[in-house]
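Those protein sequence lines, which keep their order, are chains A and B.
Throughout the first sequence, residue numbering follows my numbering, covering 2 to 246 in sequence.
Throughout the second sequence, residue numbering follows my numbering, covering 2 to 246 in sequence.
Glycine included, every Cβ here is placed at the ideal spot set by N, Cα and C.
It should be emphasised that the depicted structure is a prediction, and the values quoted were computed from it without experimental measurement.
Protein chains: 2
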Amino acid sequence: MTTLLTPDELEAALRTIGAERYHNLHPFHKALHGGRLTRGQIQAWALNRYYYQASIPAKDATLLARLPTPELRREWRRRLIDHDGTEPGTGGVARWLKLTEGLGLDTAYVQSLDGLLPGTRFAVDAYVHFVRDKSVLEAIASSLTELFSPTIISERVSGMLRNYSFITEETLAYFAPRLTQAPQDSAFALAYVKEHARTVEQQQAVINALKFKCGVLWSMLDELDYAYVAPGHIPPGSFRPQDDR
Amino acid sequence: MTTLLTPDELEAALRTIGAERYHNLHPFHKALHGGRLTRGQIQAWALNRYYYQASIPAKDATLLARLPTPELRREWRRRLIDHDGTEPGTGGVARWLKLTEGLGLDTAYVQSLDGLLPGTRFAVDAYVHFVRDKSVLEAIASSLTELFSPTIISERVSGMLRNYSFITEETLAYFAPRLTQAPQDSAFALAYVKEHARTVEQQQAVINALKFKCGVLWSMLDELDYAYVAPGHIPPGSFRPQDDR
Chain A
2 MTTLLTPDEL EAALRTIGAE RYHNLHPFHK ALHGGRLTRG QIQAWALNRY
52 YYQASIPAKD ATLLARLPTP ELRREWRRRL IDHDGTEPGT GGVARWLKLT
102 EGLGLDTAYV QSLDGLLPGT RFAVDAYVHF VRDKSVLEAI ASSLTELFSP
152 TIISERVSGM LRNYSFITEE TLAYFAPRLT QAPQDSAFAL AYVKEHARTV
202 EQQQAVINAL KFKCGVLWSM LDELDYAYVA PGHIPPGSFR PQDDR
Chain B
2 MTTLLTPDEL EAALRTIGAE RYHNLHPFHK ALHGGRLTRG QIQAWALNRY
52 YYQASIPAKD ATLLARLPTP ELRREWRRRL IDHDGTEPGT GGVARWLKLT
102 EGLGLDTAYV QSLDGLLPGT RFAVDAYVHF VRDKSVLEAI ASSLTELFSP
152 TIISERVSGM LRNYSFITEE TLAYFAPRLT QAPQDSAFAL AYVKEHARTV
202 EQQQAVINAL KFKCGVLWSM LDELDYAYVA PGHIPPGSFR PQDDR
């Protein structure tokens with residue numbers, strides 16, 4: 002990339018990255034929503050994805066600590082409230098534990114992270130470190146995968162309810178609020194990036210930040226597919242499903 | 002673990018971790034040495050592993066900067082010399098580029114990291130961050146996978162020379178010096194850990210550090226096997242072999 006894009010051209014470039022690299026294109030995602038997984042495989046997904054959910058507030062707090070204005074900090078504080086809630090049992094992390102509990106996993110085991118795939122840990126930690134170490138512009142840009150999440154959430158909820166008898170609307174309570182939260186979050190982040198990426202270098206950095214984040218989400222599904230879908234190569238020490246209904 | 006181990010019991014516990022978790026047990030390792038991979042698949046391995054090799058001096062320099070005595074720093078400085086060499090074209094990183102070049106990869110492309118699997122980057126970066134963020138004792142313990150590397154190197158060199166017509170001793174020049182360097186390095190690190198892990202908590206931390214490092218190496222092979230071995234799921238943007246002889 003050698004010429005400066007208009008803000009709308011930058012947005013188009015970012016949306017193209019989503020169309021090519023977002024994890025709704027991953028084979029594991031298709032298997033999950035298409036009803037081709039066992040309960041044990043879905044447990045493995047929910048257990049590993051828990052570490053992502055539980056690290057999002059750490060990611061947002063890391064960025065919050067670097068933001069220069071009350072306006073930006075208020076916006077990012079709202080994300081913390083969404084994920085951590087206002088009292089025990091509320092917020093996105095707690096709702097994710099409803100999902101793992103509904104799937105039959107022991108909550109203390111999930112929270113211990115003992116069964117986590119090493120690759121999940123490395124990918125999620127890479128996201129938190131990115132937001133700590135890169136520019137604020139790149140850190141905000143890395144959140145832009147939320148531009149693409151309402152579609153995947155709709156597919157996920159309808160597909161999982163239709164295809165798995167052990168999945169209920171209550172189990173999937175995590176997802177409903179995200180359908181309104183994610184568009185609000187991504188609208189702010191997109192407007193910020195379009196306004197502040199004013200040089201070729203900054204625009205390239207924004208594009209690379211979104212590619213990086215797509216790689217985080219994609220790599221998590223690579224590990225799950227490799228470990229838990231036939232023939233299955235679960236690494237030493239990671240979660241082993243007890244039942245495979 | 003609730004009782005203090007003797008130094009020799011600690012060593013035995015560490016060797017058990019290697020026997021259960023070292024990446025010589027991984028299916029990709031067995032395929033590589035057993036002659037079951039194509040040249041393109043071996044290119045993918047060498048290209049991704051290059052990022053590990055190129056990051057080892059960064060890892061060692063990060064630890065060097067935290068070591069408290071001239072004795073420890075001299076020991077760790079030797080590792081830097083082994084990997085970075087004494088003049089251009091010498092040292093382990095340069096010898097690894099002989100391997101990628103011998104496999105037909107463009108050196109500038111390898112060094113650009115453009116074709117790297119995201120999962121490789123996350124795993125390798127996790128190792129560098131571990132050495133920066135954990136205690137010096139844990140950082141030194143995480144190097145102890147070298148206890149197990151002479152065996153894997155012997156298997157690798159003999160297996161690859163026997164099974165692939167496009168692999169020569171010159172291509173594999175990286176490995177010969179490692180057969181003497183790795184035992185020297187790991188003997189020092191093992192003695193250090195046996196002397197300094199004096200509480201149950203420190204011994205558990207040392208054990209966890211070695212498990213963590215085994216997870217780094219294992220996860221790199223997970224990603225390679227998933228991306229490049231049949232059916233193959235190469236992530237968007239990563240290296241695609243041009244020839245599959």
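Practice item. Determine which residues of the region 210-227 of chain B have a Cβ less than 8 Å from any Cβ of chain A, and write them out in chain order. Key: LYS212, PHE213, CYS215, GLY216, VAL217, TRP219, SER220, ASP223, GLU224, ASP226, TYR227
Review point. Looking at the C-beta of LEU26/B, does it have a partner C-beta in chain A at a distance below 9 Å?
Key: Within the second sequence, numbered from 1, the residue matching residue 26/B stands at position 25. Yes, its Cβ sits closer than 9 Å to a Cβ of chain A.
Point to revise | Span of the alpha helix (DSSP H), counted from its first residue to its last, around THR181/A | key: Taking the first residue of the first sequence as 1, we reach residue 181/A at position 180. THR181/A -> alpha helix (DSSP H) spans 176-197.
Check your understanding: Closest by CA to PHE189/A, which one among LEU98/A, LEU173/A, ARG78/A, THR108/A?
Key -> The residue given as residue 189/A occupies position 188 in the first sequence. When each option's Cα is compared against that of PHE189/A, the closest is ARG78/A.
Review point. Applying the criterion that 16 or more other CB atoms from any shown protein chain within 10 Å of the CB defines a buried residue, is VAL217/A buried or exposed?
Key: In the first sequence, counting from the first residue as 1, residue 217/A sits at position 216. That one is buried.
Check your understanding: So the alpha helix (DSSP H) PRO236/A belongs to, where does it begin and stop?
Key -> Within the first sequence, residue 236/A is the residue found at index 235, counting from 1. Premise fails: PRO236/A is in no alpha helix (DSSP H) and is neither H nor E.
Exercise for review: Would you please verify whether the beta carbon of GLU12/A is less than 9 Å from any beta carbon of chain B?
Suggested key: Stepping through the first sequence from its first residue, residue 12/A is reached at position 11. No, GLU12/A does not count as interfacial toward chain B.
Practice item. Below 6 Å CB to CB, which residues in the same chain sit around ARG53/A once its five sequence neighbours on both sides are set aside? Key: Against the first sequence, residue 53/A aligns to sequence position 52. What sits at residue 53/A in the sequence shown is Tyr, not Arg. These residues qualify, in order along the chain: VAL125.
Practice item. Starting from the C-beta of VAL129/A, find all residues in its chain whose C-beta is less than 8 Å away, skip the five residues before and the five after it, and write them out in chain order. Key: By one-based count along the first sequence, residue 129/A stands at place 128. Excluding positions up to five away in sequence, the list reads SER56, ALA59, LYS60, THR63.
Exercise for review: Over the uninterrupted alpha helix (DSSP H) stretch that includes ALA82/A, give me the two end residues.
Suggested key: To locate residue 82/A, count along the first sequence from 1; it is residue 81. The sequence given here places Ile at residue 82/A; Ala does not occur at that position. Looking at the DSSP string, the run of the alpha helix (DSSP H) that includes ILE82/A is 71-85.
Review point. For the alpha helix (DSSP H) that contains THR63/A, what are its first and last residues?
Key: Counted from its first residue, the first sequence places residue 63/A at position 62. Run containing THR63/A: 40-65, per the alpha helix (DSSP H) assignment.
Check your understanding: How many Å lie between TRP253/B and GLN44/B at the Cα?
Key -> This structure gives no information on residue 253/B, because the portion of chain B shown stretches from 2 to 246.
Review point. Quick one: what's got a C-beta closer than 6 Å to VAL111/A's C-beta in the same chain, skipping five residues either side?
Key: Here residue 111/A refers to the residue found at position 110 when the first sequence is read from its first residue. Excluding positions up to five away in sequence, the list reads LEU48, TYR51, THR101.
**Study point:** Selection from ALA32/A, ARG37/A, TRP46/A that minimises the alpha carbon distance to ARG241/A
**Key:** Indexing the first sequence from 1 puts residue 241/A at position 240. Residue TRP46/A is the option with its Cα nearest to ARG241/A.
Practice item. Return the Cβ separation of ALA206/A and GLU139/A in integer angstroms, given the expectation that the two are a contact with Cβ distance under 8 Å. Key: Taking the first residue of the first sequence as 1, we reach residue 206/A at position 205. Taking the first residue of the first sequence as 1, we reach residue 139/A at position 138. Rounded, the Cβ-Cβ distance is 5 Å, consistent with contact.
Review point. CB-CB under 7 Å to PHE213/A, same chain, minus the five flanking residues each way: which ones, in chain order?
Key: Locating residue 213/A in the first sequence gives position 212, where the first residue counts as 1. Excluding sequence neighbours, PHE213/A sits near PHE131, SER143.
Review point. Rounded to whole angstroms, how far is the Cβ of ARG16/B from the Cβ of LEU148/B, which I believe are closer than 8 Å?
Key: Locating residue 16/B in the second sequence gives position 15, where the first residue counts as 1. Locating residue 148/B in the second sequence gives position 147, where the first residue counts as 1. That belief holds up - the Cβ atoms of ARG16/B and LEU148/B are roughly 7 Å apart, short of 8 Å.
Check your understanding: Can you name, in chain order, every residue of its own chain whose Cβ lies under 6 Å from the Cβ of GLN42/B, other than the five neighbours on each side?
Key -> Numbered from 1 along the second sequence, position 41 holds the residue referred to as residue 42/B. Spatial neighbours of GLN42/B in its own chain (CB-CB distance under 6 Å, excluding positions within 5 residues in sequence) are listed in chain order as TYR229.
Point to revise | Minimum C-alpha distance to GLY36/B - residue among ILE168/B, THR181/B, GLU224/B, LEU211/B | key: The residue labelled residue 36/B in the question sits at position 35 within the second sequence. Of the candidates ILE168/B, THR181/B, GLU224/B, LEU211/B, ILE168/B places its Cα closest to the Cα of GLY36/B.
Review point. Buried or exposed: PRO119/A, going by 16 or more other Cβ atoms within 10 Å of its Cβ?
Key: Taking the first sequence and counting its residues from 1, the one referred to as residue 119/A is at position 118. Buried.
Point to revise | Chain-ordered chain A contacts of PRO58/B [CB-CB under 8 Å] | key: Against the second sequence, residue 58/B aligns to sequence position 57. Going along chain A, no residue has its Cβ under 8 Å from PRO58/B, so there is no contact; the nearest lies around 19 Å.
Review point. Are the CB atoms of HIS34/A and ARG157/A nearer to each other than 9 Å?
Key: On the first sequence, position 33 is the one that residue 34/A refers to. On the first sequence, position 156 is the one that residue 157/A refers to. Yes, Cβ-Cβ distance for HIS34/A and ARG157/A is below 9 Å.
Check your understanding: How would you list, in chain order, the residues of chain A whose beta-carbon sits under 8 Å from the beta-carbon of ALA124/B?
Key -> Along the second sequence, read from residue 1 onward, the residue named residue 124/B stands at position 123. Within chain A, the C-beta atoms nearer than 8 Å to that of ALA124/B come from PRO119, GLY120, PHE123, in chain order.
Exercise for review: Identify, in the order they occur along the chain, each residue of the same chain with its Cβ nearer than 6 Å to the Cβ of HIS84/B, setting aside the five sequence neighbours on each side.
Suggested key: As a working note, residue 84/B is residue 83 in the second sequence. Cβ neighbours of HIS84/B beyond the five flanking positions: ILE57, PRO58, GLY92, GLY93, VAL94.
Exercise for review: Measure from the alpha carbon of ARG96/A to the alpha carbon of each residue in ALA20/A, GLU171/A, ALA14/A, THR121/A, then state which is nearest.
Suggested key: Taking the first sequence and counting its residues from 1, the one referred to as residue 96/A is at position 95. Measuring from the Cα of ARG96/A, the nearest candidate turns out to be GLU171/A.
Review point. At least one CB of chain B closer than 9 Å to the CB of GLY35/A: is that the case?
Key: Numbered from 1 along the first sequence, position 34 holds the residue referred to as residue 35/A. It does not: the Cβ of GLY35/A has no partner Cβ on chain B nearer than 9 Å.
Check your understanding: What does ALA127/A touch in chain B if you count any residue whose Cβ is under 8 Å from its own?
Key -> If you number the first sequence from 1, residue 127/A lands on position 126. The answer, in chain order, is ARG122, PHE123, ASP126, ALA127.
Review point. If you follow the alpha helix (DSSP H) that LYS99/A is part of, which residue opens it and which one closes it?
Key: If you number the first sequence from 1, residue 99/A lands on position 98. Unbroken alpha helix (DSSP H) run through LYS99/A: 93-103.
Point to revise | Spatially closest choice to SER239/B from ILE154/B, SER187/B, LEU117/B, by CA coordinates | key: Here the question's residue 239/B lines up with position 238 in the second sequence. Ranking ILE154/B, SER187/B, LEU117/B by Cα distance to SER239/B puts LEU117/B first.
Exercise for review: Could I get the ranges of all uninterrupted alpha helix (DSSP H) runs contained in the region 2-39 of chain B, with 4 residues as the minimum, in chain order?
Suggested key: You should have 8-22, 28-34.
Review point. Quick one: is ASP223/B buried, meaning 16 or more other Cβ sit within 10 Å of its Cβ, or exposed?
Key: As a working note, residue 223/B is residue 222 in the second sequence. It is buried - the Cβ of ASP223/B has at least 16 other Cβ atoms within 10 Å.
Point to revise | Alpha-carbon spacing of LYS99/A relative to ALA109/A, whole angstroms | key: As a position in the first sequence, residue 99/A is number 98, starting the count at 1. As a position in the first sequence, residue 109/A is number 108, starting the count at 1. Approximately 12 Å between the Cα atoms of the pair.
Practice item. Could I get the ranges of all uninterrupted beta strand (DSSP E) runs contained in the region 131-175 of chain A, with 3 residues as the minimum, in chain order? Key: Here no run is fully enclosed.
Practice item. Could you tell me how far apart the beta carbons of ALA198/B and GLN204/B are, in whole angstroms, since I believe they sit closer than 8 Å? Key: Mapped onto the second sequence, residue 198/B falls at position 197. Mapped onto the second sequence, residue 204/B falls at position 203. In this structure ALA198/B is in contact with GLN204/B, their Cβ atoms being roughly 5 Å apart against a cut-off of 8 Å.
Point to revise | Run of the alpha helix (DSSP H) containing ASP223/B, from where it starts to where it stops | key: By 1-based counting over the second sequence, the position of residue 223/B is 222. Run containing ASP223/B: 201-229, per the alpha helix (DSSP H) assignment.
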